[in-house]
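In our numbering, the protein residues as written are 44 to 131.
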């Protein structure tokens, strides 16, 4: 995987985290930073899980978005459930 692919993945994961934060806003911007970090982790985990399972639904070069985007959303929803008290 080349550096441009990593940058593209980071940009996409950050955009997903930002939209997620706009849909479910919080009182602190610390949660926005946590959303971005969790989104990056979920994006990478979803991408590598799809690569390991040889699942190719939607790709952008070597980036497997078909597994990365659901991984990002699952990680963000898990964060929302686990940090429900902080979110209010």
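Note that beta-carbon positions come from the ideal geometry of N, C-alpha and C, so glycine has one too. Please read all numbers here as calculations on a predicted model, not as lab measurements.
query: Sub-8 Å separation of residue 106 and residue 90 beta-carbons; result: yes
query: 7 Å CB neighbourhood of residue 63 in its chain, flanking five on each side removed; result: 78 and 119
query: Whole-angstrom distance between residue 125 and residue 75, CA atom to CA atom; result: 15 Å
query: Secondary structure of residue 106, DSSP reduced to three states; result: strand
query: Alpha-carbon spacing of residue 59 relative to residue 83, whole angstroms; result: 10 Å
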